[in-house]
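Protein chains in written order, with the working numbering: chain A, 1 to 140; chain B, 1001 to 1228.
All C-beta atoms in this analysis are idealised placements derived from N, C-alpha and C, irrespective of residue type, glycine included.
Report on the structure given below.
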Amino acid sequence: MAYSDKVVDHYNNPRNVGSLDKKDPNVGTGLVGAPECGDVMKLQIKINPETQVIEDAKFKTFGCGSAIASSSLATEWLKGRSVDDALAIKNTAIVKELNLPPVKIHCSVLAEDAIKAAVRDYQHKQTTDGPKAEEAAVNA
Amino acid sequence: MAEAAINTGRASQSECLYCRTQSAGPHFCSECGKIQPVVAGSDYFSFFHLPRRLCIDESELEKSFYALSRQFHPDYFMSASAEERQASIECSSMLNDAYRTLRNPVARAKYLLTLEGYKEAEKKAPPDLLEEVFELNMQIEELRAAKKTGDEDEAAEARSSLEEALIDLHKKLQGIDERLFALFEDWDSILGRDATADGKKPLLDRMSELLSHRSYIRNLVRDIKEEL
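Rendered as structure tokens:
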């Protein structure tokens, strides 16, 4: 099975690899995995508290080319979106953009899960008070 | 699915394809002795006439496997009708799949979960497990990078840290397997008491969760060993 050109491109030149300070109250961290293949994906977003717009997104994925490409693409799409718009990103859009074959659809699902987890983490930090927020960040 | 879950281990008997006897045996007709196609809806347990228990006598299973292998062997049906030849191939193939799955306790439990309607591996993992998997993957990557640049000290350090992690992971695997086998016994005992779906669910949920943790750790152990 051959990877699509777009997957190969993201795999060879992954965008936004790295990490953000997970203790930062404006950073949301999502860490998800797929037990069967052993893939793990960490996706982080940094939200501008004034505008509620995602101004930065980083990821680090250990897994196959499709998992790396899915999360790389996700970070590209996340930048400049509002938090609500981030939640509107569906795995099917990733499948379409990257031309993922049916056996690799779970990689796009993982990326969607990671986005949701990151947003949830950010929202959780906003609803908890100062010292608690810090604690949540440590446990994130 | 729910109906199949109350399976008592006997493949449903049906009409013989050849002599039309009503209660033809599951693999061979009790009247004319001819080989029957695989009964529709049969699973690996019923194919071996086994109830859906998880603690099974693996040496008994092996014996049945060899006995049935001989009976089904396509070589014995070279001069038989096309239907019988087809049935012998079908039965042999099902037998091989069934044996490969049931002889291994983990594969057996995973198979039971699919029969009980658990379509996908449990994805939820405790955050600390995911964190550990992520961290160790980072270390594997560091070791790979150190090897590439020829930094011996760095590589040695990463290697010893991963070796230490490996010992801990093996302990974790052992712990998981012990808990899994305890669940096997619980499962078998509720099965003997005509378990309801409500009674089964918590056990199956826990099994699914443990199997998922096990997969994470197994994959990690494999990746670490590959890089060491």
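| Asked | Found |
| --- | --- |
| If we count Cβ pairs, one from each stretch, closer than 8 Å, do we get three or more for the region 17 to 37 of chain A versus the region 1122 to 1136 of chain B? | yes |
| Is there contact here, the region 4 to 18 of chain A with the region 91 to 101 of chain A, by at least three beta-carbon pairs under 8 Å? | yes |
| Are the region 1198 to 1211 of chain B and the region 20 to 32 of chain A touching by the rule of at least three beta carbon pairs closer than 8 Å? | no |
| With 16 as the cutoff for other CB atoms within 10 Å, does K1110(B) come out buried or exposed? | buried |
| Which bits of chain A does A1125(B) rub up against, with CB to CB less than 9 Å? | V32, G33, P35 |
| Drop a sphere of 10 angstroms on the beta-carbon of L110(A), count the other beta-carbons inside from all chains shown, and report buried for 16 or more, exposed for fewer. | buried |
| Taking the C-alpha atoms as reference points, what is the distance between E1084(B) and M1094(B)? | 15 Å |
| Using a Cβ-Cβ distance cut-off of 9 Å, determine whether K104(A) contacts chain B. | no |
| Are P1105(B) and F1184(B) closer than 9 Å when you measure CB to CB? | yes |
| Out of V119(A), M41(A), H124(A), N26(A), which has the shortest C-alpha to C-alpha gap to S72(A)? | M41(A) |
| Check the DSSP bridge columns for V17(A) and list the partner residues they point to. | F59(A) |
| Alpha carbon to alpha carbon, what distance is there between E97(A) and I1190(B)? | 49 Å |
| For R15(A), which residues from the same chain have a beta carbon less than 7 Å from its beta carbon, with the 5 sequence-adjacent residues on both sides left out? | S72, T75, E76 |
| Would you mind stating whether G80(A) and V119(A) have Cβ atoms separated by less than 9 Å? | no |
| Which residues, in chain order, does the region 38 to 66 of chain A contribute to contact with chain B at a C-beta distance below 7 Å? | G38, V40, K42, F62 |
| Check each candidate in A1082(B), L1203(B), V1133(B) and name the one with the smallest Cα separation from Y1018(B). | A1082(B) |
| Does DSSP put N1137(B) in a helix, in a strand, or in coil? | helix |
| Can a CB atom of chain A be found closer than 9 Å to the CB of S1161(B)? | no |
| Would you kindly work out how many angstroms separate the C-alpha atoms of Y1066(B) and S1092(B), rounded to a whole number? | 11 Å |
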